[in-house]
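Chemist: Before anything else, here's the structure in question.
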Amino acid sequence: MKNTNILHLANLLTLSRIAVSVALLFCRPFAPLFWIFYAWCGLSDMLDGPIARKTGNATPFGAKLDSIADLLFVAVCLVRLLPVFNIPTWLWIWIIVIFCIKIINIVSGFVCWKKLVLPHTMANKVSGLLLFLLPIAYEFVGLKYPAILICIVTSFAAIQEGHLIRRKI
C-alpha cells in the first residue's frame with residue numbers, strides 16, 4: 003500500500019529548502035553563512051527526488067512542492083545576488099527572452115493539458131545545476147562566460163520544454 007503521509011523524508015528535505023531559502027534573504031552574499039545555506043539548498047534539491055523515488059514516496063504533491071521550493075530558492079538568489087552582479091544589457095535581453103518562453107510554456111501547458119505542467123527534463127536539470135554553480139563560478143571567472151553557457155543551455159531547455167508540452171509528450 004502506498005504511503006499517504008506527506009511528511010516523509012523527501013518532502014521534509016524540500017520543506018527545509020524552503021525554510022533555508024528564506025534564511026538566505028538575511029545573509030550577506032558570499033559570506034560563510036551564505037555558502038552554508040546555499041550548499042544546503044543545492045544538496046536538498048539533489049537528494050529529495052531520488053529519496054522520494056527510492057522510498058516509494060514520489061507523488062504529484064512532492065513534485066509540485068519541489069517546483070515551489072526551486073522557484074523560491076531562485077527568487078531569493080535573484081534578490082540577494084542581482085545587486086552584486088553587473089549584468090550587461092545583452093544578458094538582460096537574453097534572460098527576458100528565456101523568461102518569456104517559459105511563460106508561454108506554462109500557458110501552453112494549461113491550454114494543452116488543463117493543468118500546471120512543469121516538465122523535469124534532463125536539459126532543465128542541467129540548467130538548474132549550471133545556475134546553481136553560477137555564484138561559485140562568478141567568484142573565480144566573473145559573469146560573462148558562465149552566463150553565456152547557462153543561457154545557451156537554458157534556451158535549449160525552454161524550447162525543448164515547449165515542444166514537449168505542445169506535443170503532449
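Heads up: the sequence shown begins at 3 in the working numbering, then just goes up one per residue.
Idealized CB from N, CA, C, for every residue including glycine.
For the alpha helix (DSSP H) that contains arginine 55, what are its first and last residues?
Modeler: 34-56
Chemist: Does the structure place the region 157-166 close enough to the region 119-126 that three or more beta carbon pairs sit under 8 Å?
Modeler: yes
Chemist: Using a threshold of 8 Å, state whether the C-beta atoms of aspartate 50 and alanine 77 are closer than that.
Modeler: no
Chemist: Exposed or buried, what is phenylalanine 39 when buried is set at 16 or more other beta-carbons lying within 10 Å of its beta-carbon?
Modeler: So phenylalanine 39 counts as buried.
Chemist: When burial is assigned at 16 or more other CB atoms within 10 Å of the CB, is arginine 55 buried or exposed?
Modeler: Exposed.
Chemist: In terms of alpha-carbon separation, which member of Ile95, Trp42, Gly44 and Leu17 lies closest to lysine 66?
Modeler: Leu17
Chemist: Label asparagine 107 either buried or exposed according to how many other C-beta atoms from any shown protein chain fall within 10 Å of its C-beta, with 16 as the threshold for buried.
Modeler: Buried, because 16 or more other Cβ atoms sit within 10 Å of the Cβ of asparagine 107.
Chemist: Which residue spans inside the region 58-103 form an unbroken alpha helix (DSSP H) run of at least 4?
Modeler: If we require 4 residues or more, the alpha helix (DSSP H) runs fully inside the region 58-103 come out as 62-83.
Chemist: Given this structure, state the Cα-to-Cα distance separating isoleucine 154 from valine 99, to the nearest angstrom.
Modeler: When only Cα atoms are considered, isoleucine 154 and valine 99 end up about 12 Å apart.
Chemist: Please report the straight-line C-alpha distance between valine 143 and proline 137, rounded to a whole angstrom.
Modeler: 10 Å
Chemist: Distance check for isoleucine 150 and arginine 19, CA to CA, integer angstroms please.
Modeler: 27 Å
Chemist: Looking at the unbroken alpha helix (DSSP H) that takes in serine 143, where does it start and where does it end?
Modeler: Sequence check: residue 143 is valine here, not serine. Element bounds for valine 143: 124-143.
Chemist: Grab me the residues of proline 117's own chain with a C-beta within less than 8 Å of its C-beta, minus the 5 sequence neighbours each way, in chain order.
Modeler: Position check: residue 117 holds lysine in this sequence, whereas proline was assumed. Closer than 8 Å at the Cβ level, and outside the excluded window around lysine 117, lie Gly111.
Chemist: Helix, strand or coil: how does DSSP classify valine 117 here?
Modeler: It is lysine, not valine, that sits at residue 117 in the sequence shown. It is coil, neither helix nor strand.
Chemist: What is the residue span of the alpha helix (DSSP H) that isoleucine 150 lies within?
Modeler: Here the alpha helix (DSSP H) through isoleucine 150 covers 146-168.
Chemist: Identify which residue in Thr57, Asp47, Trp94 and Pro85 has its Cα closest to the Cα of leucine 73.
Modeler: Nearest C-alpha to leucine 73: Asp47.
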